[in-house]
Every structure is written in C-alpha cells, then in structure tokens.
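Accompanying notes for the structure given below.
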Amino acid sequence: MKPAVNPASPSKGKAKEPTHWHSGWWDFYPLTERPYRPLQWSHSSVIFSAHPSEPTIIARHFSSSKQFTIPSPKPVNSNQAVYEPPTIISVAPTDDWLFAYFPRSNGEGTGCLWKRGAQIDNWIVQEWWTFPPQTAPVTAEWLGGPREWTIDNSGKPARLPPKGVVLQTSSPTLLLVTQDYRIHVCYYQYYLQSLQILKCPLGATNMFRHGQTPFEDDPPDLVKVCLDATIGISYNAEHSLFVAARVRQYTVPGTPQSAPFDPMDLTVPVSAQNDNQKQEEWDSRNDECIVEMNQVLLRFDGVSMAIFVQPLAPIPIPHAGLLMMSFLSCPVYPLPHDVVGTASPTKKTIVERGKLYLAFSFLDFEGYMSTPKSQLTIYSMNRRSSPSGKTTFGYQLETTRTFAPSIMTYIASHAPHLKENLLPVVLLDASGQWNNTGPKKPKEAAAGKLHILSLPDLKDKVGWEPSVIHVPLAYAGRNLPLQGIHSPNGVLLYTTSLSSPQPITGVHPFPLRQDQIGSPLVYPIVLSILSRKSPSDICHSLSTSSVSLDEVVTTLSGAMTVLDIHNNGMKYGTTWDMLGVAVEVYRKRAAWTKDPELKEDLTMKWQTAHDMCSIAACNMVFGNCADGDKYDLDAVWQLTGLTNWIVTLIEKVMKECILFCDISDQIKPAEDSQDDLFGPVADETVPGWEISPTLLHLVHPFALQNLTTALKHVKKYHQFLKSTSARVEKSKIARDLLVDMIECSGLNLDRLEAILDASIRSVEELQPGDCRTALASCQPTQELRSQLSVIVKEIIETPNVLNKATLFIKPDDLVDAVVNLSIQGTHQKEQPRNEDTITKGLVMTSDPYLTCSRCGGSSNVAFDMQSSEFVSDRWKIWERMWTLRCICGGLWIGQTSK
145 MKPAVNPASP SKGKAKEPTH WHSGWWDFYP LTERPYRPLQ WSHSSVIFSA
195 HPSEPTIIAR HFSSSKQFTI PSPKPVNSNQ AVYEPPTIIS VAPTDDWLFA
245 YFPRSNGEGT GCLWKRGAQI DNWIVQEWWT FPPQTAPVTA EWLGGPREWT
295 IDNSGKPARL PPKGVVLQTS SPTLLLVTQD YRIHVCYYQY YLQSLQILKC
345 PLGATNMFRH GQTPFEDDPP DLVKVCLDAT IGISYNAEHS LFVAARVRQY
395 TVPGTPQSAP FDPMDLTVPV SAQNDNQKQE EWDSRNDECI VEMNQVLLRF
445 DGVSMAIFVQ PLAPIPIPHA GLLMMSFLSC PVYPLPHDVV GTASPTKKTI
495 VERGKLYLAF SFLDFEGYMS TPKSQLTIYS MNRRSSPSGK TTFGYQLETT
545 RTFAPSIMTY IASHAPHLKE NLLPVVLLDA SGQWNNTGPK KPKEAAAGKL
595 HILSLPDLKD KVGWEPSVIH VPLAYAGRNL PLQGIHSPNG VLLYTTSLSS
645 PQPITGVHPF PLRQDQIGSP LVYPIVLSIL SRKSPSDICH SLSTSSVSLD
695 EVVTTLSGAM TVLDIHNNGM KYGTTWDMLG VAVEVYRKRA AWTKDPELKE
745 DLTMKWQTAH DMCSIAACNM VFGNCADGDK YDLDAVWQLT GLTNWIVTLI
795 EKVMKECILF CDISDQIKPA EDSQDDLFGP VADETVPGWE ISPTLLHLVH
845 PFALQNLTTA LKHVKKYHQF LKSTSARVEK SKIARDLLVD MIECSGLNLD
895 RLEAILDASI RSVEELQPGD CRTALASCQP TQELRSQLSV IVKEIIETPN
945 VLNKATLFIK PDDLVDAVVN LSIQGTHQKE QPRNEDTITK GLVMTSDPYL
995 TCSRCGGSSN VAFDMQSSEF VSDRWKIWER MWTLRCICGG LWIGQTSK
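For the sequence shown, our numbering assigns the number 145 to the initial residue and increments by one for each residue that follows.
Printed below as a string of structure tokens:
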C-alpha cells in the first residue's frame, strides 16, 4: 500500500507537514499463510534462510556479509524442478548439525541432515531420507545441547541445569512432529554409522521400542492431520518433553460395493453422496476448538531407545485466529532453599529447576473490515498428583493481554532473556508518520517497537526501554517486517518481509537494560565467551557510530572485570578471548569510519590486540618443540620464520620507545620553564598526548609476560642453532639466516631480556582496573604513563641495548634509496605482504586457503593440516590447534563464500 500524504494544506514557509503512512489488514494477512519461510541464526553467527523460489538454503555470515549456499541432497539436486523451497530449517544447539525438509509438488518430500566441517561454510550431506505424502514434518527440535550459562542476582556467572532429556548418543538428537501426528526420534548411536529413526503415534497412550512395530488403536476410518505443532523442553523434567499440536481429524466414509454409477439412471437419489461430505466437513472443524497436549518420555540405555506417549488434557481455544504456538522454558536459579535437605527417607522432594510456559498468539481480522486485533495468552505447565499417586502434568491459564492498536508479529521463544523470565515480542504499528521538515528527506521510518515483557503476567518490564524497528521509507506501510529471528546473544533482531518475492530484510537492536550498573552489554559479552558463542552480534552493536569509543572501553573493561573476579583461579584465563573481541570491534570501526586519522588509530589498536594473540601462540609452539635447551630440528624452518616475525615485532616496539622519549623530551622544557610570568605549570595542567597502542606490550602484565617469554625463546633458539653440527645442512642454512637476522636487528637480546624480565614484577603490581582499561582500549592509558616512562627510560638509557641507526635504517632501505636502482620506481607503493596469520609465512594464493571472519587474515595451513611427512610431529600438533578457529578466535571461511 502506498504511503498516504496528509491532505491538509501546508502552511506558509519552508516547513513541511508530517507525512503519514497506513497499513491495511491485507498487509498483515501473510502472517496466517503456511508454511512460513524458515529462519535460523546459529551460534556461529550464520543466518540460514530458504530461497524464495528454489529448493536451496542460503546462508549468510553476520556481520562479514559472506554468503554461501548449503549443498542440496542428491534427490533435490538432480531434479530441482519438482521440489519447493524448504519449509523447515533447524540448527542443532551444538552448531555442527543442520536439518531441513524439502517438500515436493507431487510425491515424497526429502529430509536431509548436514554435518559441519572445520569452516562455517563447509557443510557435508550426512544423511537424507524421504517422507511419504501427508507425512511431512511440521516442526523440529533438538536434544543434547550444552549446559547454558546465566548471570545470577549477585552478578556471578553460573551454569544452568541440563535442558531436556540427556541421552547417551554420539550426536544431538533430532525430534520431528509430522503431519500424520507422529513423533520421530532421529539419532546416531555409538559404533553405528547409520541414522536411527523411531516413530510413535501421538494423541493416545503408546509405547514403542527400537525394532518394534507401533500399535495402532485408532479406527481405520479415522484420519488425523497435524496442522501445526511445537515441542517443549524444560529444565525441570529430566526425561519428559511436551508436544502441543493443532490436529484436524475426520472420518473417511466407507466405500460400499455397489453397481457402477450410471449418470443416466434417474432412480439414483441426488443427495446420496452429500450426507457423507457434510459429515466429513463437520468432523474436520474441531481443529479450531482445542490444542492437543502430549507428554513424551524417552529412555535410552546405550543400545535401545524407548518412547512413551501419554496424552494430557487438551487446551480449549476460546476463539478462532490462533496464529502461533510456542513453548517458553525458563530456569529457576538459584535453587529454592526451602526444598534442600527437607526430603524424608521415604518420600523424595521434587526440586523445581524450571518453569515451562505455553504461549498462544491470536490474530483476529474481524470480518476483514479493519486492522486485525492481536492477543497473547500464557499457560503454565505444572506437576499434579493423580489419585493413583503418580505425578502427571497439567496446564493453568496465567494471563491474557491484547495489544490493540499494535499487532504482535514475533515472539522470541528461545531468546536468552527467558533465563530472567522475560519475553521479547515485536509490536508493529498499523499507521505512523515521519517528519519531513529537514533539509533532506529521511531514509527510514519507525514501523513498530520491540518490547520486553515479564512472565507470566505479560506486563512491560520496568527498566527496559523498548527499541524502535525502522524500515526503509519506500516500504513504510507495506512489505512489513513480519518475520524475525533473534541473534545468539539476544542483542539484535533480524527481520524479513513475507509478501514480496524478494524479501526486504533488516537488522534492529534489542532493548537494553537501563537500570543496570555499567554498560548493558557487559553481561552478554561474558555469557558469549563462557558459552563459546560468536560475539559478532555484540561487536556489531559496539561498532556503530552511535556508540562512542569511551562506551566501548567501558563495556569491554566491565566484561573483563566480571570474568577476572570469577575466573576460578585461572589467571588471564579469558584474556585471549577478550583480545579477540577487541580485534573484531576495532576492526569493524576502522572499516566503517571515514576519518583517515581515526581509521589509522583504530587499525593500530586491533593490530596490537592481534599481535598479542600471535605472541601467545608463538610461545605455545616454541614450548612444544623445545626439549630443555634443544629444539626439534624437523621444525627448524617453521621456527625460524616465527623468530623473524617476533624480532620484527620487538623492533617495532623499540622504535615506538624511541619516539615516546623524543616526545617526552620536547614537552619537558615547557614544564621546567621557570621564566614564565605566571610561574611553573602544574603537572595536572600539562596536556597529555596519545600513546602509541604498540607500547601496550610493555605495560600490561599479560602482554609483557608473553613478550619476554618470546624473547627468551628467540635467544635460546639462536644459541641452539649456533651450537648445532654443521653436518646438518638445513640447520646450517637456518643458522646463517638467523645470525644475520639478529645482527641486523639493532637489538641486544641479552640486555633487553634482563630489562623486560625485571619490569614484569612492577607491571604486575599496577592497579588491575587500569590494566583492564588499557587492554580494553588496546592502548596504554594516561594512568600507566609513569610506569611506561620508567620502562622506556631504562631501555633507552641502558648502554648497548639498542642500535638506533640499525633499528631505523635497513640495508634494503639504503639500496632502494639509490637513484635508479629501485626496479619498481619511486612512484609505486610497496605491495602489502600477504602473511599467513598462523605460521607468519607467506600465503600461497595459488593453493587453497582459508580466511578468518574476524581479523580477515588468511592461512594455507588452516585449510590443509596434512603437512609434509618431514615436518615435526610437535609442529603438526600446534597446527591442528587452529583447525576450527584462527589465532584471534575467529571462525574460518572458505573460498567458496562470496
């Protein structure tokens, strides 16, 4: 629908009247159409969606914008014309399994399981199987996810109880509910490569074991069709899960044996067949009245799987227009103290570890004459005692809320907010306006808001300001963002339209807690690191221009504080992870900023954080290849390459030390001037200057300790090669290269090591808060200036530590400075060195290589871990450490992504 303009005549002058837009009931009608286009946002920050018209799954990594397609199974790939876009896409909580169902226009549909490889765009078809007509899956869920993390009321990270049934299977278990009203349990058993699938009817008491044919107690003429279903997994039920389903059932009329129908025989009654058709039509209307409930219990002893189905009392639906059903699983943390230690010897007290709610969303079009009315109803699932003494489950109506004039279009049923009994919902407006009084026409208009409601009363949560959902101005009032999916850490919402062949997508921020002390993104960062989820959505939020650099530093340092306080005695246990987050944030900000000076400063910040990660990784491989004072000669070339990189980095740090002293010397005369008419300048009034991020290696305990350790390894490795026998040809060549490298560096390794080693203790005594702030900003702060000055002064003033001439002027520079000796010419810039982010060697672009989604670095080694047989086994072990992730913690992307 085109935006409607206010008919009122504009007043005199240049000011323009506000422009309005309106949506009709038909703009919201796609919400009622089935099936939906499936959306999934995985823990590795990959958004999976169905192609609008082809049987293809499109995957896009957020926020690197790398896009790729998932390979289709053989039946779909060989005959795409008869298959439709997938109706179900489901990613396992372990992030390495994917299921999708491809319906067929006529015939059997195909379900497929993929297993992810080492890269996020490497998905391999593991298994595919067919579904006969009228047995297509309508919903999917997974069991076997890792235990989740949360932040308790005291601000301490804590692990939640396991969610759902814990089965001893080799991979996560896939649960499906199909149109023929059955539950399918798909799992891989240890020592068996084939997929095991068990099926059991719902709606009646049933038990089915592996290898047993399910018992059918329904009349042969009764047909049940499951229109929609949802699977509920609770923290509270160790062996149970719940299935809520809308079922249409009808009887199939018998086919009595009679003579063939003769249309010319006037004695046959005209209404003979109408009665059966009317009866079938009336029987098929009960799906509008109730939602059937089932309790499903699973048992697995490692060899055989058993399924038990127990029907529960159905939930009556008060009126038509049921739009969505979603189970909401909320943990109870900490455990109630009144039930601990109160169990009697004869009766065990059941400890409530979680609450399970069932949400019903209604959309009533009221005769299609006005804007539809939206309503949300919450039921709670509770334990009940039956007369026989057995514990059963029942439901209880908690509350109902209408949202007129707004329309609720999305419920974040799996958002992390549920851990705090909070439910995010999207409320779109039926009309709106935008001001057109500025010099430029606005590009976006507000289409609705994302609210945070409390459970189970559905009231707006105090302290959470709703966030605005913006859409392009050209689509205001039409192509509405009706479908959405939340990011893994509950920070962003990805929306898409349903009414156009090419969906209109958008990314919107989630509401942030306003009453929290400190930055509201501190806890999401902490939980993402502890849960091993990709923090890309959080880094995206911190990289926008609306967030200042001071807010970024406050957020990152606040997350470090929480992690350091509750590190379980592991010093710097999460520092490496936080450096990876800093790399991603500052690299994104550097890519988006247009200020060249700011871009250069941000680039130095993220490169400094990346260098700190690389130094720590180098120390690991030197430690692996060392045996006392000796090193593995099978890795001599690899270690020599790393030594060259370490020496180059130390040279870079030493150059910054010299520049730091020069700036200090230039400021001192102004401070020490006694001839000033108003007297000497006070210390606190002396303006500070920006300290180079590179010098963070000298004033942060983690960085200085690693730099000193790397320097020791270089010196020991140098001494080892000098003492090796000349008969080993490769060690002799490496020794000559290393000697030239050290002598041309301008560094005295022995004296520099002594200074850095002596500075570690004083740096470790610095205030932890100042060190966290410096690490969060990837740059020494003014509070660390005095300690930095002491270390730098010791390095500069100690005789024979640095050779400035050799440090700043290299032989290659002297050759290139001679006129007409440079082959490239002085007008051409030197091409950047394509460095392997792992081995620090050269990336051979002619060979397959991988790219890091976080730092953008490339590596041949990460792609092919089958190194030469002549390479050290210790080196191979270190290489395999980076199979799944880069040194900075980023995930690998192959060359097939666009």
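Don't be surprised by glycine CBs; every beta carbon is placed ideally from N, CA and C.
Closest option to residue 757, judged by alpha-carbon separation, among 854, 945, 368: 854. Residue 616 carries a strand assignment under DSSP once its states are collapsed to helix, strand and coil.
A Cβ-Cβ distance of about 7 Å is found for the pair residue 314 and residue 333, placing them in contact under the 8 Å criterion.
Burial state of residue 659 is exposed, judged by a 10 Å Cβ sphere holding fewer than 16 other Cβ atoms. The C-alpha of residue 210 lies about 10 Å from the C-alpha of residue 264. Inclusion of residue 604 and residue 594 in the CB contact set at 8 Å is not warranted, their separation being larger than that value.
In the same chain as residue 696, and ignoring 5 residues on each side of it, the C-beta atoms closer than 7 Å to its own belong to 686, 729, in chain order.
With a beta-carbon spacing of about 5 Å, residue 186 and residue 235 fall inside the 8 Å limit used to define contacts. Of 799, 930, 466, the smallest CA-CA separation from residue 843 is found for 930.
Between the segment 774-785 and the segment 1015-1031 there are three or more C-beta pairs closer than 8 Å, enough to call the two in contact.
Our two residues, residue 913 and residue 684, have alpha carbons roughly 25 Å apart in a direct line. Nearest Cα to residue 996 within the set 375, 592, 678, 437: 678. Looking at the DSSP output, residue 767 sits in no beta bridge, so it has no partner there. Put simply, of 378, 320, 347, 673 the residue whose alpha carbon is nearest the alpha carbon of residue 501 is 378.
Going by C-alpha positions, residue 606 is about 37 Å away from residue 750.
The continuous beta strand (DSSP E) containing residue 214 extends over residues 211-214. Assignment of residue 595 by DSSP, reduced to helix, strand and coil, places it in the strand class. A straight line joining the alpha-carbon of residue 451 with that of residue 437 spans about 16 Å. Looking at the DSSP output, residue 980 sits in a beta bridge with 1002. Pairwise C-beta distances place the segment 712-727 out of contact with the segment 783-800, as fewer than three of them are shorter than 8 Å. For residue 165 against residue 576, the beta-carbon gap comes to about 6 Å, under 8 Å, which counts as contact. Within the segment 626-680, the complete alpha helix (DSSP H) runs of at least 4 residues fall at 666-675.
Where residue 350 is concerned, there is no enclosing alpha helix (DSSP H), although the beta strand (DSSP E) around it starts and stops at 350-353. Per the Cβ contact rule, the segment 249-261 is in contact with the segment 270-281 (3 or more Cβ pairs under 8 Å). In this structure, the CA atom of residue 788 is about 19 Å from the CA atom of residue 900. In the three-state reduction of the DSSP assignment, residue 857 falls in the helix class, which pools H, G and I. Under the DSSP assignment, residue 737 falls outside any beta strand (DSSP E); it carries neither an H nor an E label. Counting only residues of its own chain and dropping the five nearest sequence neighbours on each side, residue 804 has a CB closer than 6 Å to the CB of 936. In this structure, residue 666 and residue 699 form a Cβ contact; the two beta carbons are roughly 6 Å apart against a cut-off of 8 Å. Collapsing the DSSP output to three states places residue 206 in coil. Listed in chain order, the non-local C-beta contacts of residue 612 below 7 Å within the same chain comprise 590, 593, local neighbours out to five positions each way being set aside. In this structure residue 291 is in contact with residue 306, their Cβ atoms being roughly 6 Å apart against a cut-off of 8 Å. Cβ atoms of residue 441 and residue 329 stay farther apart than 8 Å, at about 11 Å. Here residue 694 carries a helix assignment [DSSP, helix/strand/coil].
Taking residue 671 as reference, the option from 220, 278, 239, 295 with the minimal CA-CA separation is 295. DSSP, reduced to helix, strand and coil, places residue 458 within a strand of the structure shown.
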